[in-house]
Structures are given as C-alpha cells and as structure tokens.
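Undergrad: For the sequence shown, the positions run 80 to 179 when the numbering used here is used.
By construction, the Cβ of each residue, glycine as well, lies at the ideal position given by its N, Cα and C atoms.
A quick note: this is a predicted structure, and the numbers were derived from the prediction, not measured.
The structure's right below; bear with me while I get my questions together.
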Amino acid sequence: MSSYKELLAQKAALEQKIAQARATEVAAAVSAVKQLVADFGLTAEDVFSTSSKKSGVGAVKGSKVAVKYKNPETGETWTGRGKAPRWLDGKDRAQYLIAQ
C-alpha cells in the first residue's frame, strides 16, 4: 500500500499531466474554431449571439400580440390567447371582437 507522501506525489504528477493535456486540447479547439470562423466568414455576433430572432429558434420572449377583444364597459382587453377572462364567460365573443 502506498504511503500518504507517495500518494501526494502521485497526485501532484497527475495534476501536472492534466494541466498539460488541457492546454494541448484547448489549443487544438481554439485552432479548429478559428479555422471554422475563417472558412465561413463568421463574426463574434454570429458565434456568441443569444438572440433567438437571429437563429430563428422560437419566439422572442415578451413579444406583443394584437388585442382581439375589448370589454366596452371597463376597457379591459384580451388577445384571444390563454384562458378567457371572466367578463367573456357565457357570452358571445363576436360582440366583443375588435374590428381589424
């Protein structure tokens, strides 16, 4: 069985090998990324953008939807999405439809 000091020495040697391997692999990854950026003429905005609009994935959070229904008594509105408001319960929605 290895002694405590021997294990610490092994740990230090292993950590050094890990650091060297990481440095080598990071350099290779950076080189590959630089080559792809050059090949496709990408910009930092292309690579690091978090905007879903640019990538075409999903809807933009917080986007507004046009109002379709309005309560003339209170002025409350509803887009027609989600659960209907109480002021529309049991009523014909057509009479509250906003002309578009």
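Between which two residues does the alpha helix (DSSP H) harbouring Y83 extend?
TA: As a first step, residue 83 is located in the sequence shown; it is residue number 4 there, counting from the start. Counting along the chain, the alpha helix (DSSP H) containing Y83 begins and ends at 83 to 119.
Undergrad: Once you ignore the five residues that flank P164 on each side, which residues in its own chain have a CB closer than 6 Å to its CB?
TA: Position 85 of the sequence shown holds residue 164. Cβ neighbours of P164 beyond the five flanking positions: W157.
Undergrad: Return the CA-CA distance between V112 and A123, expressed in angstroms with no decimal places.
TA: Here residue 112 refers to the residue found at position 33 of the sequence shown. Here residue 123 refers to the residue found at position 44 of the sequence shown. When rounded, the distance between both Cα atoms is 12 Å.
Undergrad: Out of Y148, L121, L93, Q89, state which residue places its alpha-carbon closest to the alpha-carbon of R160.
TA: Locating residue 160 in the sequence shown gives position 81, where the first residue counts as 1. Checking every option, the nearest Cα to that of R160 belongs to Y148.
Undergrad: Taking only runs that begin and end inside the region 138 to 175, name each unbroken beta strand (DSSP E) of 3 or more residues, in chain order.
TA: Taking only runs of at least 3 residues, no beta strand (DSSP E) segment lies wholly in the region 138 to 175.
Undergrad: Look at the alpha carbon of M80 and the alpha carbon of L93, and state the distance between them as a whole number of angstroms.
TA: In the sequence shown, residue 80 corresponds to position 1, counting from 1. In the sequence shown, residue 93 corresponds to position 14, counting from 1. Straight-line Cα distance between these residues: approximately 18 Å.
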